[in-house]
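First the structure, in the form of structure tokens, and then the observations on it.
Chains as they are written, first to last, in this note's numbering: chain B, 696 to 881; chain G, 696 to 881.
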């Protein structure tokens, strides 16, 4: 028997299946609830609205990322943050290309969703910066968090477009090395 | 006699005065139009809504920035983009601290406005990247545009909080040098 999913996870998976099958705009909360075998009332206990489903994993992602960064043994700030991203890419994304790419396509097609995505990415950077600041000081914390965010973004944007996807974690490292090349020239 | 302002500029200045005096939320389009000695109909010919006033200078800013980058004689991609930002800071922002800081405060207090600000900043980075790509290749264009955006952002965030403001253009250069220090350590 399959492991029992929480109602939140059931709703998320049902929503993503419907988004993929019939489109994000065409999908209603009622359809999501029905497909998950739950009520709309249950849906609204878990999510503010349909778009909220797309960002449901954000808090989890931040928490796991901050943990990975804190536990990373690297001493230099930038490589520490990049290693954290790489670790999370391994844990969360290496096996979820299809769903992540579909989600990304929905977000890129809607300016409001894309704005929200940028806000979330910005929050991630700020939280990493706050974690680094006591050890590395304000400037290094700012540059390491922003730059690692840039590196992750480049890896992610490449990855979601790949039809035969590499591992996101490998791409994170690949773009870190591209940055290392860049800085020898700049 | 003062130089005659366009109706768009009159509306912008009237709006910013009202935002500063009585608050952004409390200000209506009707009040803005009246304060500018114009009609609401004229307002809506220039702006979609009240929030649009806050982003009215964006297209101008991008055009001037791309021009400055293109005209800059520096050869290395990063210093070329940073120099472009510094030039625009000189032209546009060095003498407008009060209004820019007030605008920034309005934007930071409202999540929707802040999301839009992030979207605009992201568009700036993408347009710079597109300008650099033919000369510098895709990777250097990506890193130089993102990194210069980070440097400008750090300078700008520092500047708007200063009560005795330095020149934004000096701060842009200052943060570029901080980045140069950072990369020797990372």
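Heads up, the beta-carbon is just placed ideally off N, CA and C, and yes, glycines get one too.
Just confirm the distance between the C-beta atoms of residue i and residue j, as a whole number of angstroms; I'd bet it's less than 8 angstroms.
i: residue 824 of chain B; j: residue 761 of chain B; result: Incorrect: roughly 11 angstroms between the Cβ atoms, too far for contact.
i: residue 787 of chain B; j: residue 756 of chain B; result: 7 angstroms
i: residue 789 of chain G; j: residue 864 of chain G; result: 6 angstroms
i: residue 867 of chain B; j: residue 780 of chain B; result: 5 angstroms
i: residue 709 of chain G; j: residue 730 of chain G; result: 4 angstroms
i: residue 826 of chain B; j: residue 764 of chain B; result: 6 angstroms
i: residue 849 of chain B; j: residue 842 of chain G; result: About 12 angstroms; that fails the 8 angstroms criterion.
i: residue 876 of chain G; j: residue 877 of chain B; result: Incorrect: roughly 17 angstroms between the Cβ atoms, too far for contact.
Taking the continuous alpha helix (DSSP H) assigned at residue i, which residues delimit it?
i: residue 742 of chain B; result: Run containing residue 742 of chain B: none; DSSP gives neither H nor E here.
i: residue 829 of chain G; result: 806–856
i: residue 875 of chain B; result: 863–880
i: residue 705 of chain G; result: 702–717
i: residue 781 of chain G; result: 772–783
i: residue 786 of chain G; result: No alpha helix (DSSP H) holds residue 786 of chain G; DSSP gives it neither H nor E.
i: residue 756 of chain G; result: 753–766
i: residue 721 of chain G; result: Careful: residue 721 of chain G lies outside any alpha helix (DSSP H) and carries neither H nor E.
So which residues on chain G does residue i lean against when the C-beta distance must stay under 8 angstroms?
i: residue 839 of chain B; result: 877, 881
Can you pull the chain G neighbours of residue i, defined as C-beta to C-beta under 9 angstroms?
i: residue 771 of chain B; result: 880, 881
In chain A, which residues lie less than 7 angstroms from residue i when you measure between Cβ atoms?
i: residue 873 of chain B; result: Although the question refers to chain A, the structure presented lacks it and instead comprises the protein chains B and G.
By the criterion of Cβ-Cβ separation under 7 angstroms, what are the contact partners of residue i in chain B?
i: residue 808 of chain G; result: Result: empty, since nearest Cβ-Cβ is about 10 angstroms, beyond 7 angstroms.
List the residues of chain G that residue i touches, going by C-beta distances under 7 angstroms, in chain order.
i: residue 733 of chain B; result: Within chain G, no residue comes near residue 733 of chain B; the closest Cβ sits about 29 angstroms away, beyond 7 angstroms.
Under 9 angstroms between beta-carbons, which chain B residues line up against residue i? List them in chain order, please.
i: residue 849 of chain G; result: 834, 837, 838, 841
Flag this pair as yes or no: are the beta carbons of residue i and residue j separated by less than 9 angstroms?
i: residue 719 of chain G; j: residue 772 of chain G; result: no
i: residue 797 of chain B; j: residue 711 of chain B; result: yes
i: residue 727 of chain B; j: residue 745 of chain B; result: yes
i: residue 749 of chain G; j: residue 808 of chain G; result: yes
i: residue 738 of chain G; j: residue 873 of chain B; result: no
i: residue 713 of chain B; j: residue 722 of chain B; result: yes
i: residue 804 of chain G; j: residue 783 of chain G; result: no
i: residue 817 of chain B; j: residue 813 of chain G; result: yes
i: residue 810 of chain G; j: residue 754 of chain B; result: no
i: residue 860 of chain G; j: residue 799 of chain G; result: no
i: residue 774 of chain B; j: residue 847 of chain B; result: no
i: residue 845 of chain B; j: residue 881 of chain G; result: no
i: residue 862 of chain B; j: residue 743 of chain B; result: no
For this session: Output, in sequence order along the chain, the residues in the stretch 811–824 of chain G whose CB is closer than 8 angstroms to any CB in chain B.
Result: 811, 813, 814, 817
Problem set entry | Residues, ordered as in the chain, of the stretch 742–769 of chain B that lie near chain G by beta-carbon distance below 7 angstroms | Under the 7 angstroms Cβ criterion, the stretch 742–769 of chain B contributes no residue.
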